[in-house]
Structure formats: C-alpha cells, structure tokens
Amino acid sequence: MRMRRQSAVISLVMWSVIMTVFIVLFFVLKDVDQWQENQLFRLLSAILLFVGGVIQILLLSKDKVEPLDERTQLIQYRTSSVSVIGILLYVYALVMTLYISYEFEVGLPVAWLWFIAYTTIFVAFMLHSGLYLLFEHKGVGYED
24 MRMRRQSAVI SLVMWSVIMT VFIVLFFVLK DVDQWQENQL FRLLSAILLF VGGVIQILLL
84 SKDKVEPLDE RTQLIQYRTS SVSVIGILLY VYALVMTLYI SYEFEVGLPV AWLWFIAYTT
144 IFVAFMLHSG LYLLFEHKGV GYED
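If you're matching positions, the sequence shown starts at 24 in the working numbering and goes up one per residue.
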C-alpha cells in the first residue's frame, strides 16, 4: 500500500473514531442547555483534538518522504477542491438546522458553537482523507 493511501486510511479511521467519541460525549455528559457547567467535556474534547492533531502532523510529515508525481498532485488538488465545498455544505446545513430549531428561542446555547467548531475540524479531515482514497481508487482522468 502506498504511503499516502495508508496515511489517508489511518486519518479517516482516526478522525471518524474521534468524532464518534466527541458526539457521544457531547450528547451524553450534559444537556446542551447546561453545557457551560461541564468543564470535563471541554477538557476531554480538547484532548481528543490535540491527540488527533499530533497524529495528523506525524502522518503528514511521513507523506513527504514519498515522491510527488503529477497524478498525485492532481488527486490532491481535486480532493482539496471538493473537500472545501463539502465543508461549506456541512457548516451551512448545520447552521440552518440550528437556526430553524432555535428560531423562536431567546438565544442559541453556546454548546452548539463548540459543536460546530470541533465537528467542522473532524469533518474536514475525514472528508479530505475519504475523498483522497476515492479519487486515488477511481482515478482523476490523468490516466486517459
């Protein structure tokens, strides 16, 4: 397995697990409206993000050893382009859902801002890794 593909698989699995743990902690530890009182969740979520970030940096530094050819550059370009659109759609859908849910409320619980911030990071890494694997497997038209 090529090093970039292996890194993408590790990254996708790691960020999927981290996001799952984050979502479970978010909805189990405390009610969203009383979230400000839960410092344990904030600490655990920060640790999850930090550990994931360190591992991601190690994966990225490992990828630099492998030479970069034109096909890989095109795959990375397409992956990044589609990832940006996917992230924008994710944030838009989440914010609009929250808007509709809290439209007639006095305010939005601050926990949702934390949720948006963290899950956007998780979704970005998961989407980028998943799309890299898809485009590498499917091809990007360079082979024609």
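Virtual Cβ for every residue (Gly too), placed ideally from N, Cα, C.
As the structure is a prediction and not an experimental result, all values here were calculated from the model.
Can you check whether the CB of Leu131 is closer than 9 Å to the CB of Leu117?
-> On the sequence shown, residue 117 is found 94 positions in, with the first residue counted as 1. On the sequence shown, residue 131 is found 108 positions in, with the first residue counted as 1. No. Outside cutoff.
Kindly indicate which residue of Thr102, Met42 and Ile80 has the alpha-carbon position closest to the one of Ser68.
-> In the sequence shown, the residue the question calls residue 68 occupies position 45. When only C-alpha atoms are compared, the closest one is Met42.
Measure the Cβ-Cβ separation of Leu35 and Met119 and say whether it is below 9 Å.
-> The sequence position of residue 35 within the sequence shown is 12, counting from 1. The sequence position of residue 119 within the sequence shown is 96, counting from 1. No, Cβ-Cβ distance for Leu35 and Met119 is not below 9 Å.
Check Phe127 in the structure and name its three-state DSSP category.
-> As a first step, residue 127 is located in the sequence shown; it is residue number 104 there, counting from the start. If DSSP states are grouped into helix, strand and coil, Phe127 belongs with coil.
Tyr125 to Leu66, Cα distance in whole Å?
-> Along the sequence shown, read from residue 1 onward, the residue named residue 125 stands at position 102. Along the sequence shown, read from residue 1 onward, the residue named residue 66 stands at position 43. Computed Cα separation, rounded: 27 Å.
Could you give the distance in angstroms between the alpha-carbon of Gln96 and the alpha-carbon of Phe45?
-> Locating residue 96 in the sequence shown gives position 73, where the first residue counts as 1. Locating residue 45 in the sequence shown gives position 22, where the first residue counts as 1. Each residue's alpha carbon lies about 32 Å from the other.
Gly75 beta carbon less than 9 Å from that of Trp38 = Along the sequence shown, one-based indexing puts residue 38 at 15. Along the sequence shown, one-based indexing puts residue 75 at 52. Closer than 9 Å, so yes.
Just curious, the alpha helix (DSSP H) that Arg25 is in, first and last residue?
-> On the sequence shown, residue 25 is found 2 positions in, with the first residue counted as 1. That residue, Arg25, is in no alpha helix (DSSP H); it is neither H nor E in DSSP.
CB Leu154 to CB Val105, shorter than 9 Å?
-> By one-based count along the sequence shown, residue 154 stands at place 131. By one-based count along the sequence shown, residue 105 stands at place 82. The answer is yes: Cβ separation under 9 Å.
What number of angstroms, rounded off, separates the C-alpha of Phe127 from the C-alpha of Phe50?
-> The residue you call residue 127 lines up with position 104 of the sequence shown. The residue you call residue 50 lines up with position 27 of the sequence shown. One C-alpha to the other measures close to 22 Å.
With a threshold of 16 other CB atoms inside 10 Å of the CB of Tyr141, please say whether the residue is buried or exposed.
-> If you number the sequence shown from 1, residue 141 lands on position 118. When all chains shown are included, Tyr141 counts as buried.
May I have the straight-line CA-CA distance separating Gln62 from Asp92, to the nearest angstrom?
-> Reading the sequence shown from its first residue, position 39 is the one you call residue 62. Reading the sequence shown from its first residue, position 69 is the one you call residue 92. Approximately 47 Å, taken between the alpha carbons.
Helix, strand or coil at Gly76 [DSSP, three-state] | Along the sequence shown, read from residue 1 onward, the residue named residue 76 stands at position 53. In the structure shown, Gly76 sits in a helix (DSSP, three-state: H, G or I).
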